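**Student:**
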Amino acid sequence: MTAAQPGATAVKQAIQWMLRLRESGPDPALQQQCRQWRTAHHEHEQAWQRVIHLHQDLDLRAVPGAGLALQTLETSQRRLHRRQALKLLGGVAMAGTAGWLGKDLDAVNAWTSDYATGTGERRSFALPDGSLMQLNTRSAVDLAFNDQQRLVRLKQGELMIACSPQRPLLVQTRDALLEGFEGRFVARQDSDCTRVSVSHGRVAVHRPGNGPLQWIESGQNWRLDAQGTHRVEQVDMDAMAWTEGLIVTRDMRLFDFLSQVSRYRHGYLGCSDDIADLRLSGVFRLEDPEQLLQLLPRTLPVRLRQRTRWWVRVEGLA
Numbered sequence: 001m002t003a004a005q006p007g008a009t010a011v012k013q014a015i016q017w018m019l020r021l022r023e024s025g026p027d028p029a030l031q032q033q034c035r036q037w038r039t040a041h042h043e044h045e046q047a048w049q050r051v052i053h054l055h056q057d058l059d060l061r062a063v064p065g066a067g068l069a070l071q072t073l074e075t076s077q078r079r080l081h082r083r084q085a086l087k088l089l090g091g092v093a094m095a096g097t098a099g100w101l102g103k104d105l106d107a108v109n110a111w112t113s114d115y116a117t118g119t120g121e122r123r124s125f126a127l128p129d130g131s132l133m134q135l136n137t138r139s140a141v142d143l144a145f146n147d148q149q150r151l152v153r154l155k156q157g158e159l160m161i162a163c164s165p166q167r168p169l170l171v172q173t174r175d176a177l178l179e180g181f182e183g184r185f186v187a188r189q190d191s192d193c194t195r196v197s198v199s200h201g202r203v204a205v206h207r208p209g210n211g212p213l214q215w216i217e218s219g220q221n222w223r224l225d226a227q228g229t230h231r232v233e234q235v236d237m238d239a240m241a242w243t244e245g246l247i248v249t250r251d252m253r254l255f256d257f258l259s260q261v262s263r264y265r266h267g268y269l270g271c272s273d274d275i276a277d278l279r280l281s282g283v284f285r286l287e288d289p290e291q292l293l294q295l296l297p298r299t300l301p302v303r304l305r306q307r308t309r310w311w312v313r314v315e316g317l318a
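So for the sequence shown, full-length UniProt numbering puts the first residue at 1; every next one is plus one.
(1) Assuming residue 141 and residue 135 make a contact with CB atoms under 8 Å, what is their CB distance in whole Å?
(2) Could you round the C-beta distance between residue 284 and residue 246 to whole angstroms and report it? I think they count as a contact, below 8 Å.
(3) Which residue or residues does DSSP assign as beta-bridge partners of residue 264?
(4) If we ignore side chains and look at the alpha-carbon of each, how far apart do residue 39 and residue 48 end up?
(5) Going by C-alpha distance, which of 161, 281, 193, 118 is nearest residue 266?
(6) Nearest to residue 31 by alpha carbon, out of 41, 18, 231, 258?
(7) What are the start and end residues of each continuous beta strand (DSSP E) run of 3 or more residues lying completely inside the region 101-164, in chain order?
(8) With DSSP collapsed to three states, give me the class of residue 22.
(9) Excluding the 5 residues flanking residue 303 on each side, which residues of the same chain have their C-beta closer than 7 Å to its C-beta?
(10) Please state if the CB of residue 249 and the CB of residue 280 are separated by a distance shorter than 8 Å.
(11) Could you pull out every residue in the same chain whose Cβ sits closer than 7 Å to the Cβ of residue 202, ignoring the five residues on either side in sequence?
(12) Please name the residue or residues paired with residue 225 in a DSSP beta bridge.
(13) Pick from 254, 241, 255, 9: whose alpha carbon is nearest that of residue 287?
(14) Return yes when the Cβ of residue 194 is within less than 8 Å of the Cβ of residue 169, no when it is not.
(15) Could you check whether residue 6 and residue 35 sit closer than 8 Å to each other, using their CB atoms as the reference points?
(16) Quick check: the Cα distance between residue 115 and residue 33, rounded to an integer number of angstroms?
(17) For residue 40, report the span of its alpha helix (DSSP H) as first-last.
(18) CA-CA distance, residue 282 and residue 174?
(19) When DSSP labels each residue in this structure, what does residue 249 get in the three-state scheme?
(20) For residue 309, which of helix, strand or coil comes out of DSSP?
(21) Kindly give me the distance between the Cβ atoms of residue 130 and residue 289, rounded to whole angstroms, as I take these residues to be in contact under 8 Å.
(22) In or out: residue 13 buried (at least 16 other Cβ within 10 Å) or exposed?
(23) Taking residue 158 as the reference, which of 26, 147, 254, 172 has the closest Cα?
(24) With DSSP collapsed to three states, give me the class of residue 380.
(25) Starting from residue 169, trace the beta strand (DSSP E) in both directions and tell me its first and last residue.
(26) Could you give the distance in angstroms between the alpha-carbon of residue 264 and the alpha-carbon of residue 125?
(27) Which of the three DSSP states, helix, strand or coil, is assigned to residue 81?
(28) Between which two residues does the beta strand (DSSP E) holding residue 296 run?
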C-alpha cells in the first residue's frame with residue numbers, strides 16, 4: 001500500500017521551517033521549535049523528511065540577503081525568496097505530492113505572487129497609488145510600483161482596475177501592455193488571448209514590436225491575440241458582472257457558460273456535444289456554483305449527471 005502523502009499545508013510549513021533555519025544560522029531555540037512542530041503530527045514529519053530529501057539535491061544556498069529572505073517568505077512581497085520556495089514546491093510535486101499541486105495551483109499562486117485568489121474567490125485590494133484592484137477567481141498578479149511607473153503584471157486570471165488619476169497605470173499581460181488612464185477596465189487572460197473591456201475612461205494598447213497604438217474606448221470590448229487586436233461587437237457575457245458576484249449572459253452557448261462556471265469550482269464540469277449549442281440568457285449568482293448548476297434543468301432541457309462533488313456533466317434528456 002502506498003503511504004499517504006503530506007498535504008499542501010504541511011509541505012508549505014516544512015519549507016518555511018527549512019528556510020527559517022537556513023536564514024537564522026545556529027539557533028537552539030528555533031531548532032527546538034522546529035522539532036516540536038515535527039513531533040506535533042505525523043504528517044509534519046513526513047513533510048519535513050520529503051523537503052530535507054529534496055534539499056540535498058537543490059542548490060538553495062545562493063540566496064543573497066538572508067534577512068530579506070525571511071521577510072519575503074512571511075509577507076510574500078519580495079520575489080527572490082519566493083523563487084526559492086517555488087523551486088522546492090516544484091521538487092515536491094515531482095517527488096510525489098503532485099496530487100494537490102497538479103489538481104489546483106491556488107497554493108502556488110498564493111506563495112509566488114504579490115496578490116492572488118483561489119478557486120471561487122474574489123478579492124479587492126487598494127494599490128499604493130490609491131487605485132482599486134479586484135481579482136477574480138484563480139488570478140495572480142505582481143506589482144512594480146516606483147517613482148517612474150505603476151505596473152501590474154497579470155500572471156493568470158482576471159482583474160478589474162479602477163485607476164487613480166495620478167498618472168497612467170500599466171497592466172502587463174501575455175499579449176500586450178495596457179495603459180489605463182483615469183477610469184475602469186477589466187482584463188482577462190485566457191489560454192489563447194487577452195480580453196479587455198472598458199466601462200469608463202480609455203485604455204491604450206501597446207503591442208510587441210512597436211506596432212501602432214490602439215485605443216479602447218468606454219463601452220468597448222476587445223480581444224488581443226497573436227493575430228492582432230480585434231474589437232468584439234457582439235458579446236454574450238457582461239465582462240464587469242463578476243465584480244458584483246454575478247454572471248450575466250445574453251444568448252450564450254451552454255458550453256461557453258459551463259466553461260465560465262468551471263473557473264469558480266474545483267473538478268470537472270462539462271456537457272455532451274449534442275447540447276453544447278443550447279443558448280442561455282440570465283443573471284446567475286457566483287456565490288454557490290453548485291446551486292447555480294441546479295438551476296439549469298429548470299431553464300433548459302438538460303439533466304445533471306454527477307459522479308462525485310467534483311465531477312459533473314450536463315446531458316440532454318433523450
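Where is the CB? At the ideal position from N, CA and C, for every residue including glycine.
Remember, it's a predicted structure, so these values are computed and weren't measured experimentally.
**Tutor:** On the basis of the coordinates in this document:
(1) Their Cβ separation, rounded to whole angstroms, is 7 Å, which keeps residue 141 and residue 135 in contact under 8 Å.
(2) Contact flag correct, Cβ pair sits at about 7 Å.
(3) Beta-bridge pairing links residue 264 to no other residue.
(4) Each residue's Cα considered, the two are about 10 Å apart.
(5) Ranking 161, 281, 193, 118 by Cα distance to residue 266 puts 118 first.
(6) Closest option to residue 31, judged by alpha-carbon separation, among 41, 18, 231, 258: 18.
(7) Runs of the beta strand (DSSP E) spanning 3 or more residues and lying entirely within the region 101-164 occur at 123-126, 132-135, 140-145, 150-162, in chain order.
(8) Reduced to three states, the DSSP call for residue 22 is helix.
(9) Within the same chain, 297, 315, 317 come within 7 Å of residue 303 by CB-CB distance, once the 5 residues on both sides are set aside.
(10) Taking C-beta atoms as the reference points, residue 280 and residue 249 count as a pair closer than 8 Å.
(11) The beta carbon of residue 202 lies closer than 7 Å to those of 181, 183, 215, 216, 217, 218 in the same chain, with the five residues before and after it left out.
(12) Per DSSP, 228.
(13) Among 254, 241, 255, 9, the Cα nearest to that of residue 287 belongs to 241.
(14) Result no, Cβ atoms of residue 169 and residue 194 do not sit closer than 8 Å.
(15) Judged by beta-carbon spacing, residue 6 lies beyond the 8 Å limit of residue 35, meaning their Cβ atoms are not closer than that value.
(16) Rounded to whole angstroms, the gap between the alpha carbons of residue 115 and residue 33 is 29 Å.
(17) First-last of the alpha helix (DSSP H) with residue 40: 28-40.
(18) Their backbone Cα atoms lie some 31 Å apart in a straight line.
(19) Residue 249 falls in the strand class under three-state DSSP.
(20) Residue state, collapsed to three classes: coil.
(21) At roughly 33 Å, the Cβ-Cβ gap does not stay under 8 Å, so residue 130 and residue 289 are not in contact.
(22) Classification for residue 13: buried.
(23) Minimum Cα distance to residue 158 is reached at 172.
(24) Residue coverage of the chain in this structure runs from 1 to 318, which leaves residue 380 outside it and unanswerable.
(25) Unbroken beta strand (DSSP E) run through residue 169: 169-172.
(26) Between residue 264 and residue 125, the C-alpha separation is close to 20 Å.
(27) Residue placement at residue 81 is poorly supported in this model, since its pLDDT is 49, which falls under 50; the coordinates are not used for a value here.
(28) Taken as a continuous stretch (DSSP letters only), residue 296 belongs to no beta strand (DSSP E), being part of the alpha helix (DSSP H) at 296-299.
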